[in-house]
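Chemist: Below is the structure I would like to discuss, written out as structure tokens.
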Amino acid sequence: MSLKVWSIIMFALFLGSMVITGIMSAKKSKNSSGDVGEEYYLGGRDTGPVMLAFSYVTGSVSAAAFMGEPGVMSQVGWPYYWIVVAIIPGMIFPALLLMKKLRTKSEELGSLTIPQYLGQHYKSDGVRIVIALAICVFYLFPLVAQFKGAAVLLESFTNIPFNTGIVIFTVFIGFYVAFGGLNSVVLASFIQGIPMFFIAIILVVTALKAVGGFEGIEIGLKAIDPNMLKIVEPRSPGALFPIEGIIGVFFYWAIMFVSQPYLAARFMSIKDTSKKTIGTFLIVVLVLTIALNTLYFTGLSGRILYPDLPGDYITSQLAIDYLPTVLSAVMMIGIFGAMMSTTQAMLLVVAQAIANDLYVQTINPKASGKTVINITRAAVGIISVIVLVMTWLNPPEFLSIFLYLGLSGIGSSIAVPLFASLMWPGATKEGALGACIVGPIAYIIFQMILNVNLWFSSMLAVLISATVMFILSKVYSNKTLKA
5 MSLKVWSIIM FALFLGSMVI TGIMSAKKSK NSSGDVGEEY YLGGRDTGPV MLAFSYVTGS
65 VSAAAFMGEP GVMSQVGWPY YWIVVAIIPG MIFPALLLMK KLRTKSEELG SLTIPQYLGQ
125 HYKSDGVRIV IALAICVFYL FPLVAQFKGA AVLLESFTNI PFNTGIVIFT VFIGFYVAFG
185 GLNSVVLASF IQGIPMFFIA IILVVTALKA VGGFEGIEIG LKAIDPNMLK IVEPRSPGAL
245 FPIEGIIGVF FYWAIMFVSQ PYLAARFMSI KDTSKKTIGT FLIVVLVLTI ALNTLYFTGL
305 SGRILYPDLP GDYITSQLAI DYLPTVLSAV MMIGIFGAMM STTQAMLLVV AQAIANDLYV
365 QTINPKASGK TVINITRAAV GIISVIVLVM TWLNPPEFLS IFLYLGLSGI GSSIAVPLFA
425 SLMWPGATKE GALGACIVGP IAYIIFQMIL NVNLWFSSML AVLISATVMF ILSKVYSNKT
485 LKA
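Pasting the structure below:
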């Protein structure tokens, strides 16, 4: 059978299995004896470390790791590998630092979401509302990146037109997230993560073999552009990894990325904070992170094999040309699963921000659990349609850059208040409110107006946010003492 036929068969089986998973998760949430909202939003705070680790890592890799990141690396070369160097410690050490404290404090406060937790910790509706609004705005960008990735993938493997692929993805992902909640997201991430792990390794080995290994990469890149072999990218407009970009990317992965609500919420849902549980979580995270981030090598191989192909298409083209037909179709499902993992997590967080953090906490505190879940489901549908329209009208050129713009925006708002809530008893609500407002404003100025390096602008925004937090907290704590 042809690749198209195999891909359609695999895709149909995949969708069928995910529908069954979604229905099972919905029944689990419905039949739970605990709090309905807690079951739907946090899986009843009873998720095991292995499944949670899969959800944490697969939620972080997304379409970017399989398509976007190799695509950008095919244009930048070895300097872009600094991301991998920063990712591995960035996924481990912040989790080690935050997980236990956030799980304990959020349960004590009865918090279901990160904005709700921060609002309760600082006793500030303003903090909760600002961060919830930031989530609703900035997460639209990475969601567009995921929707584009799904459409490109379906177009490459099944010949389904780009816009038709967006519609299929929208309908399916909207249904799945709306009815299953976090249980469906975690279970799906685990199911999708297993083939992702093996497919990443197979594809990287195949790509390296096709170009003659690392020696072949060096020879090929030198012929295209010797700058692609350098450790530091030459300074130029839009350069990602001059020296300040390298400094900024470590800061980004250590502070901003782990602060993302769709990832930090995983810490709130782990079943307990014992050393064994957290240790198991971290070991699985380490293994998955290393394996999945080898995919960057496909970008270097792809630049040599397909010098004129748009970067985001390299991974799928490698699979089509160099893997057996059946395995290529299976790889399509693995990549599609990566996109689903991140999209599910982000959609759920945006819907939670609308339903819980804005509606319930601000407008109708007496709303029943069933009402909150229904509003969350409606929000999932509305946000899905908005993202569909944005992707249809103006799909981004590079998935990863669009993804990082959105993540940096929300990270610059939430990172300082979140870390301070767990590590600095002197932080006040005035400091937190100032920090979560000034952070994204500073980021927009540095990145959009002054055209500062992508990574360095993120770091500067967080440092300014932290400065505002410190100054305002000191000023208002002194006023409280004098009063």
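For what it's worth, our numbering labels the leading residue of the sequence shown as 5, then goes sequentially. C-beta: ideal position from N, C-alpha, C; glycine also. All figures in this text were calculated on a predicted structure; none of them were measured in a lab.
1. Please go through the same chain and pick out, in chain order, the residues whose beta-carbon is closer than 8 Å to the beta-carbon of A446, but skip the five residues on each side of it.
2. Buried or exposed for G38, going by 16 or more other Cβ atoms inside 10 Å?
3. In or out: F218 buried (at least 16 other Cβ within 10 Å) or exposed?
4. Compute the Euclidean distance between the alpha carbons of I247 and F460, then round it to the nearest angstrom.
5. Tell whether a beta-carbon distance below 8 Å holds between T395 and K152.
6. Going by C-alpha to C-alpha distance, which of L426, L454, L17 sits closest to Y121?
7. Between the Cα of N360 and the Cα atoms of N378, P238, Q348, which residue gives the shortest distance?
8. With DSSP collapsed to three states, give me the class of T117.
9. Where does T51 fall in DSSP's three states?
10. To the nearest angstrom, how far is it from the Cα of L100 to the Cα of I282?
11. Put I206 into one of helix, strand or coil per three-state DSSP.
12. With DSSP run on the structure shown, which of helix, strand or coil describes I274?
13. Hey, how far is the Cα of V288 from the Cα of F97?
14. What distance in whole Å lies between the Cβ atoms of Q264 and I414, which are believed to be in contact at a cut-off of 8 Å?
15. In three-state terms, what does DSSP make of G38?
16. Assuming the contact rule is C-beta atoms closer than 8 Å, S95 and S59 should be a hit. Round their C-beta distance to whole Å, please.
17. Between the alpha carbons of A333 and K433, how many angstroms are there, rounded?
18. Using CA coordinates, which residue listed in L407, L454, V472 is at the minimum distance from V141?
19. So for P456, helix, strand or coil by DSSP?
20. Just to confirm, is the Cβ distance from A382 to F70 under 8 Å?
21. What do you get for D229, buried or exposed, if any count of 16 or more other CB atoms within 10 angstroms of its CB means buried?
22. In terms of residue numbering, what span does the alpha helix (DSSP H) encompassing A333 cover?
23. So, do the region 308-328 and the region 208-216 have three or more beta carbon pairs nearer to each other than 8 Å?
24. Out of P241, T298, V89, L397, which one is the CA nearest neighbour of F254?
25. Please identify the residue among W10, F18, T51, Q79 whose C-alpha is closest to the C-alpha of Y317.
26. Can you check which of these residues, S160, K109, G315, is closest to D276 by C-alpha distance?
27. Enumerate in chain order the residues of its own chain whose CB-to-CB distance from S165 is below 8 Å, with the five nearest sequence positions on each side excluded.
28. Specify the secondary structure class of S128 as computed by DSSP and reduced to three states.
29. Does DSSP put K109 in a helix, a strand or coil?
30. Between L392 and the rest of its own chain, which residues show a CB-CB distance below 6 Å, the 5 nearest in sequence each way excluded?
Modeler: Inspection of the coordinates gives the following:
1. Around A446, the same chain offers S416, L464, A465, I468, S469 as residues with beta carbons nearer than 8 Å, after the five sequence neighbours per side are excluded.
2. The predicted position of G38 is uncertain, since its pLDDT is 49 and thus under 50; a value taken from the coordinates is nonetheless stated next. Result: exposed.
3. exposed
4. 9 Å
5. Result yes, Cβ atoms of T395 and K152 sit closer than 8 Å.
6. L426
7. It is N378 whose Cα lies nearest to the Cα of N360.
8. Here T117 sits in coil by DSSP.
9. If DSSP states are grouped into helix, strand and coil, T51 belongs with the strands.
10. 8 Å
11. helix
12. strand
13. 14 Å
14. Contact check for I414 and Q264: beta-carbon distance about 7 Å, within the 8 Å limit, so the pair qualifies.
15. Summary for G38: the model assigns pLDDT 49, below 50, so the residue's position carries little reliability, and this model does not support an answer.
16. Reading the sequence as shown, one finds Met at residue 95 and not Ser. The C-beta distance from M95 to S59 rounds to 13 Å, too long to meet the 8 Å contact threshold.
17. Straight-line Cα distance between these residues: approximately 52 Å.
18. It is L407 whose Cα lies nearest to the Cα of V141.
19. Note that residue 456 is Val in the sequence shown, not Pro. Coil at V456, not helix or strand.
20. no
21. Under this definition D229 is an exposed residue.
22. 329-356
23. yes
24. V89
25. Q79
26. K109
27. According to the sequence as given, residue 165 is Pro; it is not Ser. Closer than 8 Å at the Cβ level, and outside the excluded window around P165, lie E159.
28. If DSSP states are grouped into helix, strand and coil, S128 belongs with coil.
29. helix
30. I170, T174
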